[in-house]
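Let me begin by presenting the structure, written as structure tokens, before commenting on it.
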Amino acid sequence: MVALPESGTLASFVLWAALALVLVNLASLAVAMLRIGRRRRSSAFPANAPVSVVRPLRGLEAFSEETLRASFRLDHPAYELIFCVADAADPILPMLERMRAEYPHIPSRLILGDERLGGNPKLNNCVRGWDAAAHDWVILADSNVMMPADYIQQMQAAWRPDTGLVCSTPIGDRPDGFFALVECAFLNTLQARWQYAGEALGLGFAQGKSMLWNKPFLETRGGIRALNAEIAEDAAATKLVRAAGCRVHLVAAPFRQPLGRRSLNEVWSRQVRWARLRRVTFPLFFAPEIGIAPLLPLTLAALAISSAEASALLAGAGALWYGAEYALAVRAGWPRSPLLVPAFLVRDALLPAVWVSAWGRTAIVWRGNPMDIRPREAAPLETGPTAAA
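Under this note's numbering, the residue at position 67 of the sequence shown is numbered 435, and the numbers go up by one with no gaps.
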């Protein structure tokens with residue numbers, strides 16, 4: 369029989385608080401297992417409605433050939449592609465022009481030059497593409513999203529009568545090396561899992577990787593330029609949709625982002641950047657993130673209690689937690705290997721430092737662009753176009 373701390377003591381409170389965190393996270397894993405991959409029968413999206421797909425591009429990436437080509441192979445009866453490139457000397461342009469010539473039957477166009485709304489280079493790059501979109505339904509998709517053939521249909525299937533926006537959280541795929549697997553541990557069983565758990569509670573958050581908009585809906589609320597209200601366009605989108613009395617919904621199966629090799633520094637930089645953006649845009653939701661992984665709270669509880677029996681109980685709870693995370697990766701068909709559990713441990717060792725760093729600084733670097741992430745009233749913005757089409 370396990371001897372637990374006496375009721376009413378500090379050690380008892382610490383133990384039960386730690387076990388409560390375990391239960392909350394197990395519940396979120398269960399919700400994600402039930403939700404991810406489940407296709408709903410009905411959709412409020414108009415059948416066969418034409419769609420404009422706007423993809424901002426910058427530079428050559430490891431999987432540019434595949435992700436770009438996937439844009440031209442979508443199995444949808446009516447869609448156009450709009451590629452936005454800020455710099456006329458960008459090395460992605462020869463590849464893009466070659467593919468446009470390969471697929472002349474797919475309506476596509478290139479827009480050169482961005483419009484400087486503010487410090488978000490991706491949003492700056494998308495504005496003119498949004499304006500040029502010919503259809504009422506517009507998808508904004510990052511360059512590193514691997515689009516399946518039914519990409520548009522999957523986005524459309526998630527549209528409901530109360531939907532203001534459909535999104536997909538990124539899923540790390542094709543990791544090459546241990547630290548790419550650590551990035552999968554961050555993206556997949558941690559961040560994607562909480563995205564789906566939040567949506568199930570009616571707290572869906574936008575994700576900028578893939579966003580399906582009804583253009584008239586957004587235009588009546590300021591258009592794409594309204595997304596400049598926050599440094600992160602997905603945070604602005606979340607607040608705009610909620611203010612309209614609508615919801616953000618997620619696709620049934622999130623789309624994959626091939627990773628290739630990752631260094632520890634690359635993983636750290638990305639996670640710190642995203643954490644700082646979450647801290648600035650949704651501080652009350654960001655604050656509890658310190659407790660969303662088992663290593664820190666269970667270790668602190670074991671040290672506070674100093675009981676072999678309680679420590680064994682906490683170790684068992686941690687094993688159950690990590691086992692459920694691994695089961696989610698298996699259930700969803702995400703990358704997994706014998707090294708995934710060590711990747712969970714490394715991720716959770718990094719999380720407290722990421723969390724602390726997010727509170728400590730107000731600057732990030734995105735693809736070489738320094739960005740001030742202070743609230744808008746504290747950070748003046750640039751305006752005006754930077755190049756001709």
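Backbone N, C-alpha and C define an ideal beta-carbon position, used for all residues, glycine too.
State yes or no: is the C-beta of residue i within less than 8 Å of the C-beta of residue j?
i: VAL616; j: GLY532; result: yes
i: VAL453; j: LEU480; result: yes
i: TRP527; j: SER420; result: no
i: ILE539; j: PHE623; result: yes
i: GLU448; j: ALA502; result: yes
i: GLY572; j: LEU645; result: no
i: LEU436; j: LEU478; result: no
i: ALA700; j: ILE404; result: yes
i: LEU719; j: LEU664; result: yes
i: ALA379; j: ILE658; result: no
i: ALA565; j: ALA692; result: no
i: LEU394; j: TRP689; result: yes
i: LEU652; j: ALA669; result: no
i: ALA643; j: ASP602; result: no
For residue i, which option in the options has the closest C-alpha, if you only look at C-alpha atoms?
i: SER536; options: ASN512, PRO529 and ALA548; result: ASN512
i: LEU580; options: THR377, ALA417 and VAL390; result: ALA417
i: LEU708; options: PRO472, ASN556, ARG468 and TRP498; result: ASN556
i: GLY728; options: SER578, PHE413 and ARG641; result: ARG641
i: GLY576; options: ASP443, THR649, ALA600 and LEU627; result: ALA600
i: GLU567; options: ASP518, ALA620, LEU394 and PRO626; result: ALA620
i: ARG466; options: SER679, ALA560, PHE440 and LEU571; result: PHE440
i: PRO529; options: ILE404, ASP458, ALA438 and PHE413; result: PHE413
i: GLY590; options: ALA457, LEU478, ILE474 and VAL609; result: VAL609
i: GLN524; options: GLY545, SER578 and PRO489; result: SER578
i: LEU397; options: ALA695, ALA446, PRO665 and GLY684; result: ALA695
i: THR606; options: ALA565, ILE658 and VAL534; result: VAL534
i: TRP636; options: HIS473, VAL722 and TRP562; result: VAL722
i: ASP458; options: GLU434, ARG426, PHE451 and MET401; result: ARG426
i: LEU713; options: PHE546, ALA438 and GLY628; result: PHE546
i: ARG638; options: GLU470, ALA446 and ALA726; result: ALA726
i: PHE381; options: LEU666, TRP702 and ARG542; result: LEU666
Would residue i pass as an interface residue toward chain C - the criterion being a Cβ-Cβ separation below 8 Å?
i: ARG629; result: The structure shown contains no chain C; it is built from a single protein chain.
Is residue i buried or exposed, if buried means 16 or more other CB atoms sit within 10 Å of its CB?
i: SER631; result: exposed
i: ALA386; result: buried
i: GLU745; result: Caution is warranted here: a pLDDT of 49 is assigned to GLU745, below 50, making its placement in the model unreliable, and the coordinate value is therefore given only provisionally. Exposed is the call here.
i: ASP482; result: buried
i: VAL390; result: buried
i: PRO656; result: exposed
i: GLY686; result: buried
i: VAL724; result: exposed
i: ASP544; result: exposed
i: THR377; result: exposed
i: ALA611; result: exposed
i: MET369; result: Its pLDDT being 44, under 50, MET369 is placed unreliably in this model, and the value from its coordinates should be taken loosely. Result: exposed.
i: ALA676; result: exposed
i: ALA446; result: exposed
i: LEU508; result: buried
i: ALA560; result: buried
Under 7 Å Cβ to Cβ from residue i, same chain only, skipping five residues before and after it: list those, please.
i: PRO584; result: ASP504
i: ASN582; result: ASP504 and TRP505
i: TRP498; result: VAL422, VAL506 and ILE592
i: LEU442; result: MET515, ALA517, TYR519 and ILE520
i: LEU461; result: VAL453
i: ARG629; result: ASP544, GLY545 and ALA548
i: CYS614; result: ASP530, THR531 and GLY532
i: GLU750; result: With a pLDDT of 33 at GLU750, under the threshold of 50, the modelled position of that residue is not reliable, and the figure given next carries that caveat. Closer than 7 Å at the Cβ level, and outside the excluded window around GLU750, lie ARG484 and GLY486.
Ordered along the chain, which non-local residues of its own chain (more than five positions away) have a Cβ less than 8 Å from that of residue i?
i: ARG715; result: VAL550, ALA553, PHE554, LEU558 and ALA661
i: SER705; result: LEU549
i: ARG593; result: LEU485 and VAL495
i: VAL355; result: What the structure shows of the chain is the stretch from 369 to 757, and residue 355 is not part of that stretch, so it cannot be assessed.
i: PRO748; result: With a pLDDT of only 38 at PRO748, under 50, the local geometry of the prediction cannot be trusted, and the value read off the model is given with reservation. Result list for PRO748: empty, nothing under 8 Å.
i: ARG407; result: ALA525 and ALA620
i: ALA756; result: Below a pLDDT of 50, predicted positions are generally treated as unreliable, and ALA756, at 35, falls in that range; the measurement from the model is reported next regardless. For ALA756, where only same-chain residues beyond five positions count, the Cβ hits under 8 Å are LEU480 and GLY481.
i: GLU470; result: PHE440
By DSSP's criteria, residue i is part of a beta bridge. Which residues make up the other side?
i: ASN582; result: TRP505
i: HIS617; result: VAL534
i: GLN625; result: GLY540
i: CYS452; result: PRO424 and ILE479
i: MET467; result: Partner(s): none; MET467 has no beta bridge.
i: TYR694; result: DSSP lists no partner for TYR694.
i: TYR447; result: VAL419
Can you find the residues in the same chain that come closer than 6 Å, C-beta to C-beta, to residue i, ignoring five residues on each side of it along the sequence?
i: ALA604; result: LEU595, ALA597 and GLU598
i: PRO753; result: With a pLDDT of 36 at PRO753, under the threshold of 50, the modelled position of this residue cannot be trusted; read the value that follows with caution. The residues are GLU483.
i: PHE431; result: PRO626
i: SER476; result: LEU449 and ARG468
i: LYS490; result: PRO424
i: ASN633; result: none
i: ASP510; result: LYS577
i: ASP455; result: none
i: ILE474; result: PHE440
i: HIS444; result: ILE520
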